[in-house]
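Residue numbers (my numbering), protein chains in the order written: chain A, 19 to 140; chain B, 187 to 340.
As structure tokens, this is what we get:
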């Protein structure tokens, strides 16, 4: 199935960033899995935190939520923290209802997530 | 006191192909956009319509494009009712009677990561009902235009 989801990855000190765009639904499984692999293995450092940025995502459905659960489960098994940024108010509500926000710290945007992660005392 | 009869605002069908739920949510959103729903409640209705249509396509009509999903939007007083019908004619065992999703169990591997659809629908709208007559299976989504029943949680 063709995916309407795209992902770019980059490495920051201690954190791997996955910037998602388009639609996070069932067809995004391979995109998300590949992005996670690339992100956590990029660069010479280990990445204790994975940032999922949803600023350019316009649709998340229940199967997309399931994919995010799978990423979170894998990250937890690998002792990595997952944070999210750029969610719209509606999808923040869905993260609250599903309790994903109990396990994934939410930031309004990527800049604030990166700032917090790279300068935690700020 | 005069009773106003329910008013049909739109009726349409969709081929049962994965992804067509996006067409349903866009068309319903266009139909109800001027009926007084706040932006937040409109987003909730769109999510509920998309999830119910996905269930109809997948679980009701088995992803067979030749079997249509029917969508009707009605206004009944201060209620918007969206009826989504498939031809599966039976309770959807994977959705209608699904075990409630439990994120902790999912993260521990004790429950499938999937199974959020019906949970989302129930939490998005003011009321949800399911009817079936052995041939047609309909999910009814109700959203009040007056607001209130579901608090604005944001």
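Even for Gly, the Cβ is constructed at its ideal location relative to N, Cα and C.
Local Cβ density within 10 Å of residue i, reported as buried at 16 or more and exposed below that
| i | result |
| --- | --- |
| residue 292/B | buried |
| residue 76/A | exposed |
| residue 290/B | exposed |
| residue 219/B | exposed |
| residue 25/A | buried |
| residue 250/B | exposed |
| residue 43/A | buried |
| residue 45/A | buried |
| residue 132/A | buried |
| residue 288/B | exposed |
| residue 130/A | exposed |
| residue 9/A | Nothing about residue 9/A can be reported from this structure: the residues present for chain A run from 19 to 140 only. |
| residue 274/B | buried |
| residue 191/B | exposed |
| residue 95/A | exposed |
| residue 272/B | buried |
| residue 81/A | buried |
| residue 74/A | exposed |
| residue 335/B | Confidence at residue 335/B is low in this model, with a pLDDT of 44, below 50, so its placement is unreliable and no value can be given for it. |
| residue 233/B | buried |
| residue 59/A | exposed |
| residue 317/B | exposed |
| residue 193/B | exposed |
| residue 129/B | Coverage of chain B is limited to positions 187 through 340, which leaves residue 129/B absent and any answer about it impossible. |
| residue 298/B | exposed |
| residue 224/B | exposed |
| residue 1/A | Here chain A covers residues 19 to 140 and nothing more, so residue 1/A does not appear. |
Cβ-Cβ separation, residue j to residue i (assumed contact under 8 Å), whole Å
| i | j | result |
| --- | --- | --- |
| residue 238/B | residue 108/A | No, residue 238/B and residue 108/A are not in contact; Cβ-Cβ is about 17 Å, not under 8 Å. |
| residue 98/A | residue 65/A | 7 Å |
| residue 142/A | residue 83/A | Residue coverage of chain A in this structure runs from 19 to 140, which leaves residue 142/A outside it and unanswerable. |
| residue 228/B | residue 331/B | With a Cβ gap of about 10 Å, residue 228/B and residue 331/B do not count as contacting. |
| residue 126/A | residue 106/A | The Cβ separation is near 11 Å, so there is no contact. |
| residue 57/A | residue 34/A | 4 Å |
| residue 311/B | residue 328/B | 6 Å |
| residue 86/A | residue 309/B | At roughly 17 Å, the Cβ-Cβ gap does not stay under 8 Å, so residue 86/A and residue 309/B are not in contact. |
| residue 196/B | residue 259/B | 5 Å |
| residue 198/B | residue 213/B | 6 Å |
| residue 69/A | residue 36/A | 7 Å |
| residue 215/B | residue 200/B | That belief does not hold up - the Cβ atoms of residue 215/B and residue 200/B are roughly 15 Å apart, past 8 Å. |
| residue 40/A | residue 63/A | Their Cβ separation, rounded to whole angstroms, is 29 Å, which puts residue 40/A and residue 63/A out of contact at 8 Å. |
| residue 319/B | residue 326/B | Actually they do not touch by this definition, with Cβ atoms about 14 Å apart. |
Exercise for the section: Would you list, in sequence order, the uninterrupted alpha helix (DSSP H) runs of no fewer than 4 residues that lie entirely inside the stretch 190-244 of chain B? Expected result: 207-218, 225-241
Problem - In chain order, each alpha helix (DSSP H) run of at least 4 residues that lies wholly inside the stretch 290-337 of chain B - result: 303-310
Problem - Start-end ranges of the alpha helix (DSSP H) lying completely within the stretch 61-132 of chain A, minimum 4 residues - result: 80-95, 107-115, 118-121
Problem - Under 8 Å (Cβ pairs) to chain A, residues found in the stretch 213-227 of chain B - result: 226
Problem - Any 3 or more C-beta pairs closer than 8 Å across the stretch 196-211 of chain B and the stretch 239-248 of chain B - result: yes
Practice task
Output, in sequence order along the chain, the residues in the stretch 64-94 of chain A whose CB is closer than 8 Å to any CB in chain B.
Solution key: 77, 79, 80, 81, 83, 84, 85, 87, 88, 90, 91, 94
Handout entry: Interfacial residues, the stretch 302-327 of chain B to chain A, with Cβ spacing under 7 Å
Key = 302, 303, 306, 309
Problem - Any 3 or more C-beta pairs closer than 8 Å across the stretch 251-258 of chain B and the stretch 292-302 of chain B - result: no
Practice task
Please list the residues of the stretch 38-51 of chain A that have a C-beta atom closer than 9 Å to any C-beta atom in chain B, keeping them in chain order.
Solution key: 41, 43, 44, 45
Problem - Near-chain A residues of the stretch 229-250 of chain B - C-beta to any C-beta below 8 Å - result: 229, 230, 233, 236, 237, 240
Exercise for the section: With 9 Å as the limit, tell me which residues of the stretch 110-128 of chain A have their beta carbon closer than that to any beta carbon of chain B; keep them in chain order. Expected result: 110, 111, 112, 114, 115, 116, 117, 118, 120, 121
Practice task
With 9 Å as the limit, tell me which residues of the stretch 289-303 of chain B have their beta carbon closer than that to any beta carbon of chain A; keep them in chain order.
Solution key: 289, 290, 292, 293, 294, 295, 298, 299, 300, 301, 302, 303
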